[in-house]
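Mapped onto this note's numbering, the consecutive letters of the sequence shown carry residue numbers 4 to 635.
The C-beta atom is built at its ideal place from N, Cα and C for all residues, glycine as well.
Notes for the one structure printed next.
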Amino acid sequence: MEEEVGPHLQALILGGGREHGVVDDPRDHDHEHAVQAEDTEPETVAVWSREEHEHHDGNQDVRPQGEVGEVVEHAAEEPLAGEPQRRGIGVLAGVGAEHREREGEEGSESRDHAVDSVEDAPAAHGRSEYADGGSRGWFRPSRQLRRAGPRRAYAGLVKPSRDSRPGIRDIFVDIAASCERLGAPTYADLASCVAQWSEEEPLASLLAPYADARVGDMIPLRLLAAVHRLALMREAPGVAVFLSTTGGTPPRDDAGRERLRRAFLSAVAEHREVVADALARVPQTNEVGRTVGLGALLRRVQRGFGLPVRLHEIGCSAGLSLRVDALMEAGVVPGDHPEWGGVPRIAERSGCDLAPVDASSTQGRLVLTSFVWPDHLDRFERLRAALEIAAGVQVAIVAADALEYVRGLVLQPGTTLVVWHSAMWLYLPQETRDGIRSTLEELGGQATRDSPLVHIALEPVAERPEAQHRFTLTMTTWPGIDGLPPGIEVPWGTTPPAGAPVTWSVPCAGGIVRDGSGRLLLVRRGQAPSRGLWSLPGGRVEDEESWDAAAAREVREETGVRATDAEFAGIVERDSGAGTTYLIADFAFTGEGEPRAADDADEARWCDPVEILRLATSPGLVEALREWGYLT
């Protein structure tokens, strides 16, 4: 290996990063002392000056040079001597064909995808900046939506939950089912193989330290990525012939699957130390498909505030998501919801990670590639394109604890501070999540229209295996926009783990209208999905309409009653049963007069609270009204 890839790459493979209590000082590794290439001038990072970094940490004396929070110039890595350029999505696209004849494989064909390898990604410009230090964990957003004022929010949404079931074997069984469901049969078969042989060598002793691992620790993905990385580096040729990312062909029959399993176990046994090291490190996927939702919500941010954005990402890995505008402009990811307006100018791009990945280096690209599932070629193509984009758009990244990083953020007049993260809360202890949430709430209390704060997240609904393949996209703003009060977490849609496509919820608004005697205004629906049921007057929010204005308009159109004195009540999600989710923001109003049913309402009338309890109402209506204090 040393003669083929060089000692520099070998050192990077075996070192760097801290995960789950494994202390490994990056200053011991070559990449921290990289020398600026002679033909490349150092670039200035405009995100933070040295003085701003001292303010960020609050105490210059406790931060000697080179520790947490310092931006360090990181040179682009030169191509490795003697390494030929290859075509293909993976690092070594020709390895499958290279070893097939040697091993006598039949029924496998090498495939050249005519896409540059990750080694070919440009690295001379737009370098990311890195520093050492930090500790683990990111933020898990709550699905509970809170209302302003003393009353508690409606708590009827799916809440994140943790899976505490023991048993490493069951975790591999679960991930095998998830891989099969998500179109990754190769990994599904390998995960099943590990589950079957988890109590025998070479797996037993390697997995023993993780006997009590949670599903959210992603031990299976760490193991699979470790062997994938070996295949990409020509260190596991028997595996490589079956991976699309190395030019191989996935097994087509039981005999091929058995050969892949044997090759997988042999690679684990032969490279035991490398695999053990990889198991101690959390995944670093940096899936740019997750920026589809981010880009769309930035359009709403621009429409709401109209200011340049300072984009900060916690758990940013290589910082590819920080280039969201460039990714959209180049067509690497689709630009959803163009009717919401343009994407704001991003004036600052910065982030933190426990162990940042240098996307300009061969090793960094190798790490990112290894965590993409070999059966998902579209994700590899997106990654390759994103790496090219990243080479031309500079970001600033520090290795730091997420809570420490968020505590150092400040509002600046004339800019919108956007804090973003995706697929990271699984690695956070509860106290860190709570700390980040309270820090953002405190900072949000200082936000104004001239210096707003926005929190955007894309995280799994729950840690349970059956829920991990569904992510929820949420946004919270301080001050509020679109007629919502500040600090309301809005679940805008759901995605698969790779982030695309986004299944957007349909924004709707409803009116809780009371007259002078305390009666509530209800309508009986004439159309699906609630035909024949009594509900609040309401309907869809138009593109250029605020939520509260939409609620007042719907009340007027469906009942003829003029609603005044709007007060936000809460947000609920309603599943139509046909694949559509309605996101309904309800507002309390006062109103008078005799209602006249129109539009979607077959009947409209004032109802006292006792009568409401006897009516056939839309699902969740009574519970929501009680939760918000409008029914006893």
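A direct Cα-to-Cα measurement between Asp328 and Arg303 gives close to 14 Å.
For His340, the closest alpha carbon among the candidates Trp200, Arg528 and Leu300 is that of Leu300. Between the alpha carbons of Asp589 and Asp177 lies a distance of about 39 Å. Put simply, of Glu560, Leu431, His315 and Met221 the residue whose alpha carbon is nearest the alpha carbon of Arg599 is Glu560.
Taking a contact to require three or more Cβ pairs closer than 8 Å, the region 434-442 and the region 318-335 do not qualify as touching. The beta carbon of Tyr633 lies closer than 6 Å to those of Ile515 in the same chain, with the five residues before and after it left out.
For Phe245, the three-state secondary structure derived from DSSP is coil. Around the CB of Gly367, 16 or more other CB atoms lie within 10 Å, so the residue is classed as buried. Along the length of the region 196-242, whole alpha helix (DSSP H) runs at least 4 residues long occupy 206-210 and 222-235, reported in chain order. Take Arg534, set aside five residues on each side of it, and the residues of its chain with a beta-carbon closer than 8 Å to its own are Arg528, in chain order. For Leu386 against Val291, the beta-carbon gap comes to about 7 Å, under 8 Å, which counts as contact. As a beta-bridge residue in DSSP terms, Thr480 pairs with Val457. Just so you know, the alpha carbons of Val370 and Leu235 end up roughly 10 Å apart. Residue environment for Ser621: buried (at least 16 other C-beta atoms within 10 angstroms of its C-beta). Looking at Glu614, Gly519 and Ile484, the one whose alpha-carbon comes closest to that of Glu547 is Ile484. With distances taken between CA atoms, Phe267 lies nearest to Arg232 out of Gly298, Thr288, Arg232 and Asn289. Only exposed fits Ser579, as fewer than 16 other CB atoms lie within 10 angstroms of its CB.
Counting along the chain, the unbroken beta strand (DSSP E) around Cys355 starts and ends at Ile349 to Asp356.
Rounded to whole angstroms, the Cβ separation of Thr506 and Pro494 is 11 Å, and the two are not in contact under 8 Å.
Arg517 is the residue among Gln530, Arg255 and Arg517 whose C-alpha sits nearest the C-alpha of Glu595. Cα atoms of Glu492 and Pro223: separation of roughly 32 Å, rounded to the nearest angstrom.
Sixteen is the threshold: since fewer than 16 other Cβ atoms of the shown chains lie within 10 Å of the Cβ of Thr567, the residue is exposed. The Cβ atoms of Ala229 and Leu282 sit closer than 8 Å to each other. Judged by DSSP in its simplified three-state form, Glu576 adopts strand. Counting the other CB atoms within 10 Å of its CB gives Pro377 a total of 16 or more, which places it among the buried residues. If you check the CB distance, Pro540 and Gly513 come in under 8 Å. In this structure, Val421 keeps its C-beta atom at 8 Å or more from the C-beta atom of Val398. Taking C-beta separations shorter than 6 Å and ignoring five residues to either side along the sequence, the partners of Ala591 in its chain run Ile515, Glu570 and Ala572, following chain order. Glu384 is not a Cβ neighbour of Ala426, given a cutoff of 8 Å. Distance check between Cys355 and each of Gly338, Gly318, Met331 and Pro337 places Gly318 closest, using alpha-carbon atoms only. Taken through DSSP and simplified to helix, strand or coil, Cys610 comes out as strand. Around Trp343, the same chain offers Ala299, Arg302, Arg303, Arg306 and Asp546 as residues with beta carbons nearer than 8 Å, after the five sequence neighbours per side are excluded. Counted as a single uninterrupted DSSP element, the alpha helix (DSSP H) harbouring Ala180 occupies residues Ile171 to Arg184.
From the listed residues Thr294, Val197 and His379, the smallest Cα separation to Leu185 is found for His379.
By the CB criterion at 8 Å, Ala402 and Ala358 fall inside the cutoff. Rounded to whole angstroms, Asp381 and Glu183 show a C-alpha spacing of 17 Å.
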